[in-house]
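Read in order, the letters of the sequence shown are residues 1 to 324 in full-length UniProt numbering.
Beta carbons: idealized from backbone N, C-alpha and C, even for Gly.
Keep in mind that this is a model prediction, so the values were computed, not measured.
Have a look at the structure below before the remarks.
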Amino acid sequence: MTKAVLRLYRELLKQGRGFADYNFREYSLRRVREEFRANKSISDPEVVQQKLAFAQEQLQIVTRQSTLSGTKGIGRAVVEEFASLGAHTIFCARGEADVEAAARELNARFPDSVTGIVADLAVPEGREALLAETRRVAERRGRSGSIDILVNNVGKNVRRPGTQFYEADAVADVFRTNWESMFFTSQMMFDLLKRPDAGTRGHAVICNVGSVAGGPSAIVSGSPYAATKAAMNQFTRALACEWAPHGIRVNCVAPWYISTELAQQVLRDATYRAQVERATPMRRVGEPHEVARCIAFTCMPASSYITGQVLAVDGGFSVSGFGF
1 MTKAVLRLYR
11 ELLKQGRGFA
21 DYNFREYSLR
31 RVREEFRANK
41 SISDPEVVQQ
51 KLAFAQEQLQ
61 IVTRQSTLSG
71 TKGIGRAVVE
81 EFASLGAHTI
91 FCARGEADVE
101 AAARELNARF
111 PDSVTGIVAD
121 LAVPEGREAL
131 LAETRRVAER
141 RGRSGSIDIL
151 VNNVGKNVRR
161 PGTQFYEADA
171 VADVFRTNWE
181 SMFFTSQMMF
191 DLLKRPDAGT
201 RGHAVICNVG
211 SVAGGPSAIV
221 SGSPYAATKA
231 AMNQFTRALA
241 CEWAPHGIRV
251 NCVAPWYIST
261 ELAQQVLRDA
271 TYRAQVERAT
281 PMRRVGEPHE
291 VARCIAFTCM
301 PASSYITGQV
311 LAVDGGFSVS
321 GFGF
């Protein structure tokens with residue numbers, strides 16, 4: 001390649017340090033090669049800046065406003081990821097101390113990046129509180145009552161074989177937490193997300209946090225939990241088609257075992273953890289930031305033509321077969 005091409009590539013890498021884990025290097029090199037093949041004057045400083053701006057635009061969520069739940073595990077990792085990328089995030093959790101600690105720490109690292117609220121999204125009152133706070137923050141930030149991103153991350157499980165007795169309240173609680181919170185929160189946020197001018201403004205995004213327990217293969221897990229995650233997958237597909245005309249993309253990420261406080265309940269058993277790792281082609285459990293970065297990608301302009309998809313974040317577990 002010419003010196004001009006290499007110079008542009010180095011500049012792209014420099015500008016993209018924060019996006020290295022989104023394969024920014026591969027993306028940057030591909031863009032350079034495309035320009036090289038097109039025989040454009042990429043040595044022109046003005047053209048260089050244009051290409052840098054394009055690359056940055058495709059891999060950012062800067063100035064966007066998002067709403068999600070979580071002060072621990074995947075939720076916390078998503079809030080931190082969004083904050084590092086420049087978005088202002090409204091997050092919620094049930095524990096006041098957890099919310100205050102997370103907001104204090106993240107705002108110290110990324111000034112004015114998060115707003116925390118105490119709310120339980122499994123009940124209507126909690127969802128109403130989140131909606132009210134989201135509207136208030138959007139107005140304060142001059143967003144005219146709109147947001148760009150909703151991440152549905154609420155979840156719980158009751159790990160018990162289907163042959164054992166399940167209290168009706170326990171099953172109902174799993175469905176309220178995993179399914180109803182996602183469905184009703186999405187409905188309530190519709191007016192803040194919709195954008196008839198998506199062609200010029202870009203789409204709003206909903207990302208649901210599911211699980212490989214939702215299929216197509218069955219895994220050892222509570223069957224009510226698996227049912228809620230399977231429902232989430234199909235809900236993602238249906239809503240993506242229904243809300244596309246309103247300028248809203250809808251996708252789902254489906255993690256396998258991730259090193260979170262919830263998963264440690266079973267992963268602390270060394271024998272069970274070894275079984276999990278053997279069933280995973282990458283031979284390890286995932287980390288919360290690996291899921292968070294995938295979620296962030298679904299919210300970026302770089303994924304603007306992706307909707308209705310369920311993306312497994314599982315180290316190859318869901319595609320592994322005999323002999324692996």
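| query | result |
| --- | --- |
| Buried versus exposed, by CB contacts within 10 Å (16 or more), residue 241 | exposed |
| Neighbour-count burial assignment, residue 127, 16 or more Cβ in a 10 Å radius | buried |
| CB contact flag (residue 206, residue 150, <8 Å) | yes |
| Which listed residue (319, 209, 315) has its alpha carbon closest to that of residue 254 | 209 |
| DSSP bridge partner residues for residue 66 (one or two, in chain order) | 89, 149 |
| Residue 233, DSSP secondary structure in three states | helix |
| Cβ-Cβ distance between residue 117 and residue 147 below 8 Å | no |
| DSSP state of residue 305 mapped onto helix, strand, coil | coil |
| Delimiting residues of the beta strand (DSSP E) encompassing residue 252 | 248 to 255 |
| Residue 214 (DSSP reduced to helix, strand or coil) | helix |
| Spatial neighbours of residue 287 in its chain, beta-carbon cut-off 6 Å, leaving aside the 5 residues before and after | 259 |
| Cβ neighbours of residue 314 in the same chain (closer than 6 Å, five flanking residues each side left out) | 212, 256 |
| Extent of the continuous alpha helix (DSSP H) to which residue 267 belongs | 264 to 267 |
| Residue interval of the beta strand (DSSP E) (run including residue 117) | 114 to 118 |
| Boundaries (first-last residue) of the alpha helix (DSSP H) holding residue 79 | 73 to 84 |
| Span separating the alpha-carbon of residue 318 from that of residue 270 | 22 Å |
| For residue 230 and residue 219, the rounded distance between their alpha carbons | 12 Å |
| Given residue 177 as reference, the closest of 187, 152, 167, 197 once Cα atoms are compared | 152 |
| Simplified DSSP state of residue 222, which is helix, strand or coil | coil |
| Closest by C-alpha distance to residue 263, when choosing among 155, 93, 82 | 155 |
| Straight-line Cα distance separating residue 301 from residue 248 | 13 Å |
| Alpha-carbon to alpha-carbon, residue 144 and residue 132 | 14 Å |
| Distance between residue 196 and residue 190 (C-alpha atoms, nearest Å) | 12 Å |
| Residues bridged to residue 325 [DSSP beta-bridge criterion] | This structure leaves residue 325 out entirely; the chain is present only between 1 and 324. |
| C-alpha gap between residue 285 and residue 194, whole angstroms | 37 Å |
| Candidates 307, 306, 293, of which the one nearest residue 79 by Cα | 293 |
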